[in-house]
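Residue numbers (my numbering): 83 to 302.
The structure appears below as structure tokens.
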Amino acid sequence: MGYGIKVLIEGEYALFTRPELKVERYSYDFITPSAARGILESIYWRPQIKWKINKIHVLRKPEFTTILRNEVNSKIFDTEVKSLMTNQKGAKGYIDTTRSIQQRSSTILKNVKYVIEAEFFMTGVNSKEGDTPEKHYNIMLRRLRNGQYFHKAYLGCREFPAKVTLLEGECPKSELVGEQDYGMMLYDMDYSDKHNIIPIFFRAKMVNGVIDLNEVEKVR
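Written as structure tokens, this is what we have:
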């Protein structure tokens with residue numbers, strides 16, 4: 083049995099980067115299931131539970147704007163970190179942004195508003211006596227009502243914060259009417275093999291502003 087919850091998510095800007103357009107970033111038309119899961123996990127996560135997104139309600143029509151963002155053009159590799167851990171000479175665990183910074187164009191969403199319907203399941207990992215679904219459910223409700231979180235929720239990128247509130251009444255009506263097909267969209271990442279992380283996609287079909295994820299076919 084899953085324990086369901088509805089949250090209202092709002093933000094001034096959002097960027098859910100399409101993987102095929104990640105150099106000059108371009109956002110999907112609405113929040114991805116993995117980004118929605120990440121927002122819930124930012125509020126409450128434990129190894130004993132796993133969040134599943136059931137429905138995404140897109141309350142506002144997608145509206146785009148283009149901005150310039152400062153990004154770094156290099157990475158810190160794990161070999162550098164290992165060298166630091168063993169005190170090897172010449173190793174550095176930082177990026178010099180005065181040398182590695184560059185401006186890139188990003189096409190982002192603005193004035194977004196979503197309702198996420200989700201539930202969680204017990205994983206059986208690190209279970210203890212008294213570790214019940216009701217316990218985790220009530221903790222999540224309390225954290226949402228009190229505005230508590232593990233880290234600040236964001237909409238695709240950390241510079242785009244999200245306002246997250248518990249929705250206890252009816253879901254607001256969407257501005258979108260009819261059926262829309264948004265094509266293939268990122269669903270989540272499969273981390274079961276840490277040496278071979280695989281993206282999972284699905285066909286995003288919306289009916290009156292709602293994407294029902296319970297019956298979608300997933301493609302790897």
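Cβ coordinates follow ideal geometry from the N, Cα and C atoms, glycine included.
Values in this document were obtained by computation on a predicted structure and should not be read as measured data.
{"Check": "CB of Tyr126 within 8 Å of CB of Met204, strictly", "Outcome": "no"}
{"Check": "Burial state of Gly93, where buried means 16 or more other Cβ atoms lie within 10 Å", "Outcome": "buried"}
{"Check": "Nearest-angstrom Cα separation, counted from Tyr231 out to Asp207", "Outcome": "Residue identity differs from the one stated: residue 207 is Val in this sequence, not Asp. Cα to Cα, Val207 sits roughly 22 Å from Tyr231."}
{"Check": "Span of the beta strand (DSSP E) around Ala200", "Outcome": "Ile183 to Met204"}
{"Check": "Reduced DSSP secondary structure (H/G/I, E/B, other) of Arg100", "Outcome": "coil"}
{"Check": "C-alpha distance - Arg224 paired with His218, whole-angstrom precision", "Outcome": "10 Å"}
{"Check": "Per-residue burial, Ser188 [other beta carbons within 10 Å of its own, 16 or more giving buried]", "Outcome": "buried"}
{"Check": "Residue nearest to Val89 in terms of C-alpha spacing, selected from Lys171, Tyr176 and Val197", "Outcome": "Val197"}
{"Check": "Residues near Val298 in its chain [Cβ-Cβ closer than 6 Å; skip 5 each side]", "Outcome": "Phe284"}
{"Check": "Nearest-angstrom beta carbon gap, Ala235 and Ile149 [assumed within contact, 8 Å]", "Outcome": "With 8 Å as the limit, Ile149 and Ala235 do not qualify as a contact, their Cβ atoms being about 21 Å apart."}
{"Check": "Residues that Phe284 bridges to, as DSSP identifies them", "Outcome": "Met267 and Lys300"}
{"Check": "Integer Cβ distance of Asn290 from Ser256, believed to fall under 8 Å", "Outcome": "6 Å"}
{"Check": "With 16 other Cβ atoms within 10 Å as the buried cut-off, status of Phe112", "Outcome": "buried"}
{"Check": "Arg186 versus Glu123, Lys134, Arg151 and Pro243, residue with shortest Cα-Cα distance", "Outcome": "Arg151"}
{"Check": "Run of the alpha helix (DSSP H) containing Ile158, from where it starts to where it stops", "Outcome": "Segment: none, Ile158 is in no alpha helix (DSSP H) and carries neither H nor E."}
{"Check": "Beta-ladder partner(s) of Ile293, from DSSP", "Outcome": "Ile138"}
{"Check": "Exposure label - Glu199; buried when at least 16 CB within 10 Å", "Outcome": "buried"}
{"Check": "Among His139, Ser124 and Val140, nearest to Trp133 - alpha-carbon criterion", "Outcome": "Ser124"}
{"Check": "Other residues of its chain near Thr247: CB distance less than 6 Å, five sequence neighbours each side excluded", "Outcome": "Leu90"}
{"Check": "DSSP-derived helix/strand/coil call for Tyr95", "Outcome": "strand"}
{"Check": "CB-CB length for Gly238 against Ala96, believed under 8 Å", "Outcome": "5 Å"}
{"Check": "For Cys239: DSSP bridge partner residues", "Outcome": "Leu237"}
{"Check": "Opposing strand residues paired with Gly86 [DSSP bridges]", "Outcome": "Glu201"}
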